[in-house]
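Okay, so here's the structure we're looking at.
Number of protein chains: 2
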Amino acid sequence: MALSDLKAVKRNEAGIAAVLGILGQRFGERFQTGQSMREQHAHTTTYIPTQAPDGVVFPQTTEEVQEIVRACNEHRVPVIAFGTGTSLEGHVNAPGGGISLDTSRMNRVLSVNAEDLDVTVEPGVTREDLNAYLRDTGLFFPIDPGANASLGGMAATRASGTNAVRYGTMRENVLALTAVMADGSAVTTAKRAKKSAAGYDLTRLLVGSEGTLGIITSLTLKLYGIPQAISGGVCSFPSVDAACQAVIATIQMGIPVARIELVNALQMRALKLNSNLDYPESPCLFVEFHGSETGVAEQAEMFGEIAVEYGGGPFSWTSVAEERTRLWKARHDAYWASLLLRPGARGLSTDVCVPISRLAECIAETEADIAEMGLIAPIVGHVGDGNFHVLVLMDVNDPAEIALAEKFVGRLNMRAIAMDGTCTGEHGIGQGKAGFLEHELGSAVDVMRAIKRALDPNDILNPGKILPR
Amino acid sequence: MALSDLKAVKRNEAGIAAVLGILGQRFGERFQTGQSMREQHAHTTTYIPTQAPDGVVFPQTTEEVQEIVRACNEHRVPVIAFGTGTSLEGHVNAPGGGISLDTSRMNRVLSVNAEDLDVTVEPGVTREDLNAYLRDTGLFFPIDPGANASLGGMAATRASGTNAVRYGTMRENVLALTAVMADGSAVTTAKRAKKSAAGYDLTRLLVGSEGTLGIITSLTLKLYGIPQAISGGVCSFPSVDAACQAVIATIQMGIPVARIELVNALQMRALKLNSNLDYPESPCLFVEFHGSETGVAEQAEMFGEIAVEYGGGPFSWTSVAEERTRLWKARHDAYWASLLLRPGARGLSTDVCVPISRLAECIAETEADIAEMGLIAPIVGHVGDGNFHVLVLMDVNDPAEIALAEKFVGRLNMRAIAMDGTCTGEHGIGQGKAGFLEHELGSAVDVMRAIKRALDPNDILNPGKILPR
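Going down the list, the protein sequences come from chains A and B.
Sequential numbering from 1 applies to the first sequence in this note's numbering.
Sequential numbering from 470 applies to the second sequence in this note's numbering.
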């Protein structure tokens with residue numbers, strides 16, 4: 001998809017003017033229209049150009065969100081929910097202008113139910129804030145997409161990350177949520193029971209809807225006990241294929257691996273440029289196990305045996321926290337390390353997800369494509385789920401490089417789809433992948449459109465995303 | 470809710486006559502209108518009166534389902550998907566007549582992807598058939614609602630059962646599905662990737678929609694490796710409260726219990742009438758662990774220590790298959806055993822689910838209510854999830870007894886809802902619980918109605934269920 005394919009959303013100047021007046025009067029200093037504030041709220045962490053909203057409002061309660069949405073709906077003005085702005089596919093852009101609804105002042109932890117292993121938070125609480133808040137409870141919220149994203153944003157984009165293989169994604173970890181719908185009504189999708197067969201699963205419908213069906217104003221999340229013990233380590237493999245075979249065997253044996261991250265040879269080179277890592281520039285798996293002392297030792301030993309069977313290893317593991325932290329810091333710094341491969345460049349981060357049986361093939365074809373296209377583009381993957389990321393390093397001021405990167409992303413998406421996979425495992429559709437949704441899901445997209453029309457007939461909720469009209 | 474509250478669905482005689490003609494001509498012996506066949510397809514396993522369809526059709530392909538649905542939609546005739554008829558809330562009744570679409574001849578396993586731990590099946594495959602088919606692969610499908618239900622029906626009702634605490638419900642275990650929508654289009658909701666952030670989660674929208682939004686014609690399900698070792702046993706407790714405290718502690722410690730079933734004192738009496746069980750007539754937990762040899766031993770020991778801490782035990786456990794099978798057979802026969810408490814009676818089976826912190830209180834109040842109302846009604850619970858069942862034994866020919874049982878169920882549902890729980894953890898809404906959905910979810914039900922209207926404007930898909938008009 002080329003940038004020119006970004007669907008325009010027609011500006012409704014009269015409506016926008018009316019809403020600017022209403023919100024200015026109602027919210028005072030909590031409504032801002034300065035240029036830098038507006039641009040900051042359309043800032044995306046990729047190359048997609050900034051499309052700023054006309055104003056930014058900072059509500060503090062569900063009722064205030066309702067007021068804002070009602071005004072926007074009445075005047076047919078876009079309203080775009082904003083968490084921390086760390087999404088990667090242009091989710092917070094305002095292609096038709098309108099209002100950015102910043103949830104950062106809705107940042108209270110409303111209740112921790114330790115016996116039920118759940119917590120209810122406002123959407124602006126970030127995952128690191130939540131875990132800091134929980135520190136004394138022995139509980140934690142595991143989902144970790146890398147960035148210190150807001151939990152509302154993570155739910156809205158169905159985020160996941162390194163330990164989804166063990167704990168699931170936001171899909172599995174949101175128990176219930178309250179959302180303001182396009183007509184201004186506030187609905188709560190479920191009670192706190194761990195399971196329910198009562199009616200349509202509106203929780204899962206809103207999780208991943210990217211602010212196009214409703215604006216999340218509170219969420220109830222599952223929590224987990226902090227594991228008694230953690231073991232982990234790094235293991236080199238002669239090839240991506242060998243590493244993937246080891247992953248498949250690990251999952252098939254039911255070893256409850258908590259993280260299993262593939263780093264390809266080029267990415268290893270970058271990590272070594274950035275950290276002091278004693279591993280060769282060959283594909284590696286970063287692995288972690290959570291459980292009892294004996295459990296994590298047993299699991300690490302079993303994984304080590306599997307690794308050797310597939311030509312990898314030796315797997316040196318540790319349950320010493322400092323040593324594990326050093327290894328994982330190297331892995332978590334992959335983005336910054338990658339920039340060292342081409343100083344001055346910026347990275348286009350994209351992700352796909354395929355059935356794990358096709359993963360080695362998909363990565364091999366992608367590496368060949370990278371070589372053939374002359375790109376510098378390291379790969380890391382949450383391979384237990386079949387999910388991997390490519391970071392294309394490019395000069396964002398060179399249209400030819402952007403066009404080449406987009407061509408590459410297009411081929412990658414279509415390759416993943418052809419392998420019975422998805423054009424995005426965790427980044428979402430936003431603007432950047434809207435052109436691929438129909439390739440992936442065909443007529444199911446018509447059903448999505450019918451739902452969008454039914455729930456947001458005036459197309460005010462984050463228009464131009466997922467399903468541009 | 471009284472029976473009189475069952476919403477009528479107006480019969481469209483002309484449309485029904487037209488569709489009977491069309492299907493008779495098209496499907497020959499695969500379309501039946503005999504009375505016993507029709508009544509059998511409205512048979513419900515509870516006391517809700519039979520409301521028979523006008524005909525029963527046995528399609529064999531998605532395309533045939535599309536033909537049937539198109540004919541029904543054109544002539545505004547209800548079409549009710551039928552699996553094995555083991556649902557408990559009147560899901561397969563035909564209050565406005567119409568066509569029962571029996572999926573039993575769509576019973577092929579389409580593909581097993583062992584490396585990906587998934588399988589794609591037609592909806593008429595039952596869970597026991599699937600596990601028999603998988604026997605040589607080392608894999609299994611864990612969800613076990615008791616009955617040998619069809620997998621299509623289990624998805625449609627968001628079924629779960631004894632081991633949901635470990636493996637989740639159908640919500641977590643359906644990766645993708647193909648469904649025929651009200652307009653006759655067939656949509657596939659997702660690819661086989663383990664996770665995806667691509668668009669609205671139509672998979673989860675259809676799972677639990679009870680045939681009111683689409684008719685499932687194939688499903689891709691997650692599989693699991695058969696555990697290397699299983700341990701389990703039974704543990705008595707002085708009270709339901711003590712047992713629930715032990716369950717909470719077990720879950721909080723992160724012990725990955727595979728099943729943890731509460732049986733109350735009256736239910737234990739029934740089990741002892743039916744089997745040779747050496748346990749007192751006091752509340753018991755039936756517990757099972759899946760994992761490695763050392764893992765399951767460690768987990769059983771840890772659970773035993775917790776049980777003693779809460780006044781229970783001793784917990785005698787075994788990893789010998791025959792002994793475990795005998796114990797679980799006693800538990801699985803709970804329904805039949807219960808009938809021995811009142812020979813000649815039939816059982817009204819109902820379920821609710823609450824946050825686990827409220828479970829002991831909810832069961833205690835329910836036991837008090839049972840005593841006060843003079844009912845005979847044993848309780849079993851999937852207590853790791855906060856889910857429990859009450860079987861009210863009654864003379865279904867005595868309207869006063871039915872009224873009393875319904876009053877009890879109403880109070881139970883409202884009690885669960887007041888405790889931040891749900892009126893059904895796994896049985897679904899159907900007809901029997903339609904009166905409680907709005908109490909539980911308030912204005913969220915309006916959102917459900919908007920979706921139903923958008924996707925099934927003529928209300929042909931299982932009308933009168935979940936959201937009676």
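Idealized CB from N, CA, C, for every residue including glycine.
At which residues does the alpha helix (DSSP H) containing residue i begin and terminate?
i: M414/A; result: P399 to A418
i: V308/A; result: E293 to E309
i: I451/A; result: A444 to L455
i: A659/B; result: Segment: none, A659/B is in no alpha helix (DSSP H) and carries neither H nor E.
i: L906/B; result: L906 to L910
i: G493/B; result: E482 to F496
Tell me, to the nearest whole angstrom, how far the beta carbon of residue i is from that of residue j; I am working on the premise that it is less than 8 Å.
i: N107/A; j: D183/A; result: At roughly 26 Å, the Cβ-Cβ gap does not stay under 8 Å, so N107/A and D183/A are not in contact.
i: P145/A; j: G723/B; result: Not a contact, Cβ separation roughly 23 Å.
i: I517/B; j: G901/B; result: 6 Å
i: L441/A; j: I429/A; result: Between I429/A and L441/A the Cβ distance is about 11 Å, and since that is not below 8 Å, they are no contact.
i: N562/B; j: Q520/B; result: 4 Å
i: R627/B; j: A197/A; result: 5 Å
i: Q736/B; j: S807/B; result: 7 Å
Identify whether residue i lies in helix, strand or coil by the three-state DSSP scheme.
i: E830/B; result: helix
i: Q504/B; result: helix
i: I685/B; result: strand
i: G593/B; result: coil
i: E210/A; result: coil
i: L467/A; result: coil
i: F609/B; result: strand
i: H510/B; result: coil
i: R604/B; result: helix
i: C423/A; result: coil
i: I379/A; result: strand
i: A739/B; result: helix
i: E281/A; result: coil
i: A8/A; result: coil
i: M470/B; result: Confidence at M470/B is low in this model, with a pLDDT of 47, below 50, so the placement of that residue should be treated as unreliable; the coordinate-derived value is given next. Correct three-state label for M470/B: coil.
i: G853/B; result: helix
Check this for me: beta carbons of residue i and residue j, under 9 Å apart or not?
i: T658/B; j: L675/B; result: yes
i: I848/B; j: V732/B; result: yes
i: G825/B; j: V859/B; result: Note on identity: in this sequence residue 825/B is Ile, with Gly being the wrong assignment. No; because the gap between Cβ atoms is not below 9 Å, this pair is not in contact.
i: R204/A; j: R640/B; result: yes
i: G478/A; j: Q40/A; result: Here chain A has residues from 1 to 469 only, and residue 478/A is not among them.
i: A81/A; j: A156/A; result: yes
i: W797/B; j: A769/B; result: no
i: G435/A; j: G410/A; result: yes
i: I402/A; j: M394/A; result: yes
i: L340/A; j: L404/A; result: no
i: A246/A; j: V296/A; result: no
i: V538/B; j: D571/B; result: no
i: T647/B; j: T686/B; result: yes
i: E597/B; j: G621/B; result: no
i: G701/B; j: F758/B; result: yes
i: G138/A; j: G225/A; result: yes
i: V865/B; j: T819/B; result: no
i: S744/B; j: D802/B; result: yes
i: V939/B; j: P937/B; result: Residue 939/B lies beyond the stretch modelled for chain B, which goes from 470 to 938, so this question has no answer here.
i: E261/A; j: R331/A; result: yes
I need the boundaries of the beta strand (DSSP E) containing residue i, first residue and last residue.
i: V861/B; result: N856 to M863
i: E64/A; result: Here E64/A belongs to no beta strand (DSSP E); instead the alpha helix (DSSP H) covers T62 to E74.
i: E261/A; result: V257 to V263
i: V581/B; result: V578 to N582
i: D571/B; result: I568 to D571
i: F551/B; result: V548 to F551
Using a C-beta to C-beta distance shorter than 8 Å, which residues of chain E count as neighbours of residue i?
i: L285/A; result: Note that chain E does not occur in the displayed structure, where the protein chains are A and B.
Requested in this report: Mind listing, in chain order, the continuous alpha helix (DSSP H) runs of no fewer than 4 residues lying wholly within the stretch 147 to 184 of chain A?
Outcome: The stretch 147 to 184 of chain A contains these whole alpha helix (DSSP H) runs: 151 to 156, 164 to 167 and 170 to 173.
Query raised in the report: What are the uninterrupted segments assigned as beta strand (DSSP E) that are 3 or more residues long and contained completely in the stretch 311 to 345 of chain A, given in chain order?
Result: Whole beta strand (DSSP E) segments, 3+ residues: 316 to 318.
Report task. Mind listing, in chain order, the continuous alpha helix (DSSP H) runs of no fewer than 4 residues lying wholly within the stretch 223 to 255 of chain A? Result -> Those alpha helix (DSSP H) runs which fall completely within the stretch 223 to 255 of chain A and span 4+ residues are 240 to 252.
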